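Engineer: I have a structure I would like to understand better, so I am pasting it below and will then ask my questions one at a time.
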Amino acid sequence: SEDELIGQNHRILKSDEHSDEFFTEMWDSISSGKPWEGEIKNRAKDGSYYWLKSTIIPIFDSNKEIQNYVAIRTDITKEKENELKLLDAESKLLKQNVDLISEVENKSSELLKSERLATIGTMASRVAHDLKNPLTILQTYSEMLTPEILSKLDSKDKEKWFRMQNSILDMNRIIEDVLDFARTTEIKKSKNSMLRIIKLALNHVDSHYGVVINLPDNDLQVNCDPRKIEGVMSNLLSNSVHAVEGHGEIDVTLSSDSEFVIIQVKDSGPGIPDTELDKIFEPMYTTKNTGTGLGLVICKSIIEQHGGSISVSNKPTTFTIKIPIEN
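Okay, so the sequence shown: first residue is 31 according to our numbering, each after it adds one.
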């Protein structure tokens, strides 16, 4: 208090706020006959801390020798507390501004991406529809060739016919990918055997004699749209077959925790470059010479429609799908 300060000697009790150099400089100044002014944090007799604004002036005798010191002290503890509160508020405000700017930038980026994807989706849908009609005609006429007619073709012509059929199927798959990307269809959930879905997905995967696909020993029930999840599994398994380049192993596992059914597809391929991992679920990204680059984007969209997530890790390449357990 004011009464406690007036008339008292200037006693400095170290509070560990100031370095030894601080006090050395102070005493060097007043010992040389110069006044000293500054702010000091002291420790009171009860152990609490307080701030003082101090002015220390040397008193000289007739021989200009220092005889005493006069200290003028003002308690500025409240001012210091307010200063700290202000600094803390400024720091919080700065952080909030940084967070807000970051959020605005992210939202702007998401909006631009969403608008860009919407434009791509609209254009892709139109192109896909335009291609689907003539392709249907091609497929219809190619299938009109009866076994009797096919039997009259030589081996080279038969091979050409089979290649044409496969090409038509490939084009149909590409068009369906584009249409799936362009439209958001409602999912129809039901209780399903995940193992059965995986086995059905294998029917759409090109088989290679050098590739071993290990299916899970267990089975789990999952509440999902079976057709869409079958499409996701077909895409992941096809990608893995392509990744191992005709020779290697693919492991499919099923597990669960308290919240999710977890499906993992792991392959023995060379892996995905670390620099590419962040791009793998972006539209048009592909490491293959064929395809649209939309497969994984569609997979991600389908899994998110189910309230789940899909992620990828490297070495070995492992895709992890999590679908919520719904009672």
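Think of the CB as a built atom: it goes at the ideal place given N, C-alpha and C, for glycine as much as any other residue.
Just so you know, these numbers come straight off a predicted model, no measurement behind them.
1. Note down the Cα distance separating PHE53 from PRO65, rounded to an integer number of angstroms.
2. When you compare only the Cα positions, how much space is there between GLN251 and GLU173?
3. Could you please give me the residues that DSSP links to ALA101 through a beta bridge?
4. Ignore the nearest five residues each way along the sequence and tell me which others in SER298's own chain have a CB closer than 8 Å to its CB.
5. Closest to PHE311 by C-alpha separation, out of ARG73, LEU114, SER339, LEU284, would be which residue?
6. Entirely within the region 208 to 290 and at least 3 residues each: give me those beta strand (DSSP E) ranges in chain order.
7. Only counting the same chain, and skipping five residues up and downstream in sequence, which positions put a Cβ closer than 6 Å to that of ILE243?
8. State the DSSP-derived secondary structure class of GLY77, mapped to helix, strand or coil.
9. Could you tell me if the beta carbon of LYS258 falls within a distance shorter than 7 Å of some heavy atom in the ligand SAM?
10. Just how far apart, CA to CA, sit ALA74 and LEU82?
11. Assuming ILE89 and GLN97 are in contact, meaning their beta carbons sit under 8 Å apart, how far apart are those beta carbons, in whole angstroms?
12. Are ILE228 and VAL271 touching if we call contact CB-CB under 8 Å?
13. With distance defined between alpha-carbon atoms, name the residue in LYS125, ILE355, SER121, GLN169 nearest to ASN222.
Structural biologist: Answer, in terms of the structure:
1. For the purposes of this step, residue 53 is taken as residue 23 along the sequence shown, with counting starting at 1. For the purposes of this step, residue 65 is taken as residue 35 along the sequence shown, with counting starting at 1. Answer to the nearest angstrom: the Cα atoms are 14 Å apart.
2. By 1-based counting over the sequence shown, the position of residue 251 is 221. By 1-based counting over the sequence shown, the position of residue 173 is 143. Cα to Cα, the separation comes out at about 38 Å.
3. For the purposes of this step, residue 101 is taken as residue 71 along the sequence shown, with counting starting at 1. By DSSP's assignment, ALA101 forms a beta bridge with ILE86.
4. Here residue 298 refers to the residue found at position 268 when the sequence shown is read from its first residue. A distance below 8 Å between beta-carbons, with the five flanking residues on each side excluded, links SER298 to the following residues of its chain, in chain order: VAL274, GLY278, GLU279, ILE280, PRO346.
5. The count along the sequence shown starts at 1 and reaches residue 311 at position 281. PHE311 has its Cα closest to that of SER339, out of ARG73, LEU114, SER339, LEU284.
6. With a minimum length of 3 residues, the unbroken runs of beta strand (DSSP E) contained wholly in the region 208 to 290 fall at 220 to 223, 241 to 244, 251 to 254, 278 to 286.
7. Locating residue 243 in the sequence shown gives position 213, counting from the first residue. The residues are ILE280.
8. Position 47 of the sequence shown, counting from 1, holds the residue named residue 77. GLY77: coil per DSSP, three-state reduction.
9. As for the ligand SAM, it is missing from this structure, which has no ligand bound.
10. Stepping through the sequence shown from its first residue, residue 74 is reached at position 44. Stepping through the sequence shown from its first residue, residue 82 is reached at position 52. Computed Cα separation, rounded: 12 Å.
11. Here residue 89 refers to the residue found at position 59 when the sequence shown is read from its first residue. Here residue 97 refers to the residue found at position 67 when the sequence shown is read from its first residue. With 8 Å as the limit, ILE89 and GLN97 qualify as a contact, their Cβ atoms being about 5 Å apart.
12. Along the sequence shown, one-based indexing puts residue 228 at 198. Along the sequence shown, one-based indexing puts residue 271 at 241. For the 8 Å CB-CB criterion, ILE228 and VAL271 do not form a contact.
13. Here residue 222 refers to the residue found at position 192 of the sequence shown. When each option's Cα is compared against that of ASN222, the closest is ILE355.
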